[in-house]
Amino acid sequence: MTSAPVAPASLQALTLQLVDYAGLFPPAKLDMNKAVAAFAAHRNGSYARGLSRMIVSCSKLDEFSEAAARHLAALPDAEDAAPPEPWAVSVLIDGKLEDNLAAIERFNNEHECGRGGNGAKGHNHAHNAVIDTVEIKVASPDTVEYALELLPEELYPFFELPLDADLRGFAACLAGRGAGAKIRTGGIVKDAIPSVEKVAEFIAIMHAAEVPMKATAGLHHPVRAEQALTYEANSPRAVMHGFVNLFLGAAMLHARVITPKQLVEILSETSPEAFRFSDETAGWREKIITTAQIEEARENFAICFGSCSYDDPINDMKSLRWVR
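Residue 286 in our numbering sits at position 247 of the sequence shown; the count goes up by one each step and never skips.
Here you go:
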């Protein structure tokens, strides 16, 4: 890894392991080899601290294993040496849940060598990756209940919720269950982008129920602005949510620095100059949150977001001179 980038401690806290890399999905939609190579490069790059998991559909786990084999670190030769840090993988459930869970178990048994899995000693060229998170799109609380009964303890689930449903009912179902809620914040068409009011409602309801949250899609720019929705030359354009707006807003709500009504305002903010970062605090307009409060919110509530690009968030923050 090259020299670490320079950023205020509050911004580091806000962005630590913030991005789950979703290069396989639109609008990037890379093939498996390119997506895996990009994840490996980012993981070993200067800005690796902002990267969390790679997102893979369950039906593509075998393809992922094949593409990742040459990138994954082999176990050290010495039996008492510490194994390399495994790749963390989040799996999108895209088939029958029971079958997908069986595939996940097989993957972890094959790849978790050196971490107490089924890899035998002496298999020092086995590769090291682990699925510890699953993402499940659901239509009703009954679907959530069914999934929670089947999921093993070692898998943390995020349930993608329909924003036009009774979010309080979902929150009540998830509260205290060791599970999180997922919001889709964009897409490749304008109509896929929810309003700031709907996003704020989701965040506020999950926070009130103490349900951790993640987001996905349309968040690869830090501040709310009009952007191209794809990487095509003739791409449609629309105003996209900003990941700093969303995660700083969620952290401020968690720390009781702002109200749910003010959450709508920070989500609507379009001026980068309205945000400030120092080692001790971060600010939006006149509102201030400490670095310690950001760390607590990120650990317990505002967890991460999925993005098909890791370069876009980094390059935008560099353009704003928030990181160097």
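Here a beta-carbon is modelled for each residue, glycine too, at the ideal position from N, C-alpha and C.
| Check | Outcome |
| --- | --- |
| Under 8 angstroms between C-beta atoms of V183 and L213 | yes |
| Whole-number beta carbon distance between D355 and H260, since they are thought to touch under 8 angstroms | 5 angstroms |
| Backbone CA spacing between S91 and N284 [nearest angstrom] | 20 angstroms |
| Three or more C-beta pairs below 8 angstroms linking the region 209-224 and the region 311-318 | no |
| I175 versus V75, E193, P191, L200, residue with shortest Cα-Cα distance | L200 |
| Three-way DSSP call (helix, strand, coil) for T172 in this model | strand |
| Other residues of its chain near D351: CB distance less than 8 angstroms, five sequence neighbours each side excluded | H259, H260 |
| Coarse secondary structure for K221, derived from DSSP in three states | strand |
| Inter-residue spacing [alpha-carbon to alpha-carbon] between H81 and N167 | 17 angstroms |
| Cβ contact check for the region 234-246 and the region 314-328: 3 or more pairs under 8 angstroms | no |
| Per-residue burial, R295 [other beta carbons within 10 Å of its own, 16 or more giving buried] | exposed |
| Buried versus exposed, by CB contacts within 10 Å (16 or more), L53 | buried |
| F344 versus E334 - alpha carbon distance | 16 angstroms |
| Cα-Cα separation between A22 and F282, rounded to whole angstroms | The structure shown does not extend to residue 22, since the chain spans only 40 to 363, so no value can be given for it. |
| CB contact flag (S96, L140, <8 angstroms) | no |
| D59 beta carbon near the ligand GTP (any heavy atom closer than 7 angstroms) | For the ligand GTP, the structure offers nothing, since it holds no ligand at all. |
| Element boundaries [beta strand (DSSP E), containing Y195] | 195-199 |
| S307 vs V235 beta-carbon contact at 8 angstroms | yes |
| Nearest neighbour of Y349, chosen from M291, V75, P47 [CA to CA] | V75 |
| Collapsed DSSP secondary structure at E192 in the structure displayed | coil |
| F344 - partner residues in DSSP beta bridges | V58, A254 |
| G288, enclosing beta strand (DSSP E) - first and last residue | Per DSSP, G288 belongs to no beta strand (DSSP E); it is in the alpha helix (DSSP H), 282-293. |
| Other residues of its chain near I244: CB distance less than 7 angstroms, five sequence neighbours each side excluded | L206, R207, A210 |
| The alpha helix (DSSP H) enclosing S364, as first and last residue numbers | Only positions 40 to 363 of the chain appear in the structure, and residue 364 is not among them; the question remains open. |
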